[in-house]
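*Asks:* The structure under discussion is supplied below as structure tokens; questions concerning it will follow.
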Amino acid sequence: MAIVLMLGQGAFAQGTDGQSAAKLGAPGGAAPSRPQADPGTLFNYADAVGQTLQFAVVGSTSGTIWGDEVYTSDSVLAVAAVHAGLLAPGESGVVTVEVIKGPASYAGVERNGVVSRSYASWDVAYRFAGVTGLDSGVVLPDPGDLSAYRGQDGTMLTFEVTADVSGSVWGDGVYTDDSRLAAAAVHAGILRPDETGLVRVEILPGAGSYEGATRNGVASGNYAAWPGSYRVLPLGLKATSKLSNLN
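Reading the sequence shown from the start, the letters are residues 788 to 1034 in this note's numbering.
Here's what the structure looks like:
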């Protein structure tokens, strides 16, 4: 069994501004260099009992959870993070969880605007050990698009992306947040097709319109008003494609 720091509910209390009080430097240690993408639930981690795992999560109130402090493995992770007070709805962070053997029963309770449900015996459970912020050099897995980060204007995030010209992109320089990141990175000239590298993304507010253009083999589309945007910047290119050897 891995040794983790156990935290009471008060340690994750939210501040008066509605944001999580558990920030970088809070219990849970330094941010990992490669957290896993949000799995939705930990239902598929039944063989990970005793392990401590880290996931990049955007807090949410949409989904069902069971338990309090200890949650059933099929509880939605992003919702449980809000219930536990680690994240506010829409707030990003890297949560540390320990997968444990499930107790005989789970007591539901309302916390932080989230209602959890009670349940009887469930074999596998998880509990939180901490949270860290994303503005700390954390490298995130490719999210596909940036719509999950809408509203976090000005936030800078770093993703490891394998560039791909497939998928839809709208805009030029500034892209709608549902534009595919792997294709936008090629369009912006940050990566070449099939190249893997670190891409820095700035989350921006929505624009009244987006003008498309064909660049670097990727044709982006025009679009009218959209509620969220982003732009990509180069950071620490780590080329792994055969193209990088053609000099």
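Even glycine gets a Cβ: it sits at the ideal position worked out from N, Cα and C.
Relative to the C-alpha of Val-926, which residue among Asn-831, Thr-851, Gly-880 and Ser-862 is closest?
*Replies:* Nearest option by C-alpha distance: Gly-880.
*Asks:* Looking only at its chain, what residues have a beta carbon closer than 6 Å to the beta carbon of Val-911, apart from the 5 residues adjacent to it on each side?
*Replies:* Ala-833, Ser-860 and Gly-889, listed in sequence order.
*Asks:* Near Asp-951, which residues of its chain fall below 7 Å by C-beta distance, leaving aside the five closest residues on each side in sequence?
*Replies:* Counting only Cβ-Cβ distances below 7 Å, and skipping sequence neighbours, we find Ala-969, Ala-970 and Pro-980.
*Asks:* Which of the three DSSP states is assigned to Ala-994 in this structure?
*Replies:* Strand, per DSSP.
*Asks:* Determine the DSSP secondary structure at Val-926, reduced to helix, strand or coil.
*Replies:* Strand at Val-926.
*Asks:* Three-state secondary structure (DSSP) at Ser-1016?
*Replies:* Three-state DSSP puts Ser-1016 in a strand.
*Asks:* Assuming the contact rule is C-beta atoms closer than 8 Å, Pro-822 and Ala-835 should be a hit. Round their C-beta distance to whole Å, please.
*Replies:* That belief does not hold up - the Cβ atoms of Pro-822 and Ala-835 are roughly 15 Å apart, past 8 Å.
*Asks:* Per DSSP, what kind of secondary structure is Gly-920 in: helix, strand or coil?
*Replies:* If DSSP states are grouped into helix, strand and coil, Gly-920 belongs with coil.
*Asks:* Bridge partners of Glu-897, per DSSP?
*Replies:* DSSP output for Glu-897 lists Val-902 as bridge partner(s).
*Asks:* Relative to the C-alpha of Leu-944, which candidate in Tyr-997, Pro-928 and Asp-959 has its C-alpha closest?
*Replies:* Considering only alpha carbons, the answer is Pro-928.
*Asks:* Taking all protein chains shown into account, do 16 or more other C-beta atoms lie within 10 angstroms of the C-beta of Gln-838, making it buried, or fewer, making it exposed?
*Replies:* Looking at its Cβ environment, which holds fewer than 16 other Cβ atoms inside 10 Å, Gln-838 is exposed.
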